[in-house]
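Visitor: Residue numbering for the sequence shown follows my numbering, beginning at 1099 and increasing consecutively.
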Amino acid sequence: MHVIVLGAGIIGVASAWYLRQAAHEVTVLERNAGPARETSFGNGGQISVSHAEPWANPSAPLKLLKWLGKEDAPLLSCAVTPGLVIGPDEVVQLEHAMAHIRPRLAGATYTSADESGDVHKFTTGVAQRAEQAGVRFRCGVRIQTLRSEQAYRVPSQ
Ligand SMILES: Cc1cc2nc3c(=O)[nH]c(=O)nc-3n(C[C@H](O)[C@H](O)[C@H](O)COP(=O)(O)OP(=O)(O)OC[C@H]3O[C@@H](n4cnc5c(N)ncnc54)[C@H](O)[C@@H]3O)c2cc1C
């Protein structure tokens, strides 16, 4: 199958990679000159495995109530793990870059399973390998409209 992927952010590039691994013909369309130039460029780089539920999701408050009392609840496992709340000295011990704001620190929560990474570096690296594997990238191409076979039009933003 020939699959067209719209957008070369982390999601589009990762999708293109796996589609190609599944032996599809893949073309990625991207309005910028290259991959990872928008949201996947300069985000916080936080890899929050302990916090996989988007907090801004409108359904989160209800879910939170349902999770109360459940040992495997995502927020609870994050909030009540022993040793998770740490003092200013432990913060600085774990992260020396915080030393200069030590007097202003009240404490922190620490989730040992979390990491940080460079999503721009990762996305451009995967894009490079995907291209070597045969994925076509057409950059500088703005998608104007999506049309279904029923002539339903989805205007682009
Ligand atoms: C300030 C900030 C901090 C964040 N921090 C974190 C964090 O610490 N950890 C974390 O996990 N997530 C974080 N996020 C969220 C994360 O960055 C996004 O969820 C992720 O980058 C989205 O990737 P994406 O591929 O869906 O979108 P994008 O990276 O935005 O990719 C979409 C691509 O589609 C292209 N495109 C869009 N419309 C068109 C069109 N009409 N024609 C052609 N091309 C088009 C764009 O140019 C873009 O390249 C943060 C987000 C923000 C804004």
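We put the beta carbon where it would ideally sit given N, CA and C, even for glycine. The structure presented is a predicted model; accordingly, all values stated were derived computationally and were not measured.
Got a sec? Which residues, its chain only, sit under 6 Å from C1237 by beta carbon, not counting five neighbours each side?
Guide: If we look at C1237 and ignore the five residues flanking it on each side, its Cβ neighbours are E1128, A1131 and G1132.
Visitor: Determine, for V1239, whether the minimum Cβ-Cβ distance to residues of chain D falls below 8 Å.
Guide: Among the chains of the structure shown, chain D does not appear; only one protein chain is present.
Visitor: Around the C-beta of I1145, are 16 or more other C-beta atoms found within 10 angstroms, so that it is buried, or is it exposed?
Guide: Burial call: exposed.
Visitor: With DSSP run on the structure shown, which of helix, strand or coil describes F1235?
Guide: Here F1235 sits in strand by DSSP.
Visitor: Name the residue from R1135, Q1248, V1233 and V1239 whose alpha carbon lies nearest to the alpha carbon of L1117.
Guide: It is V1233.
Visitor: Could you tell me whether the region 1179 to 1194 touches the region 1216 to 1230, where touching means 3 or more Cβ pairs closer than 8 Å?
Guide: As far as the Cβ criterion goes, the region 1179 to 1194 does not touch the region 1216 to 1230, which means the pair count is below three.
Visitor: Here's a check: name, in chain order, each residue in its chain whose Cβ is nearer than 6 Å to the Cβ of V1124, leaving out the five neighbours to either side.
Guide: Answer for V1124: V1101, A1114, L1117, R1118 and V1233, listed in chain order.
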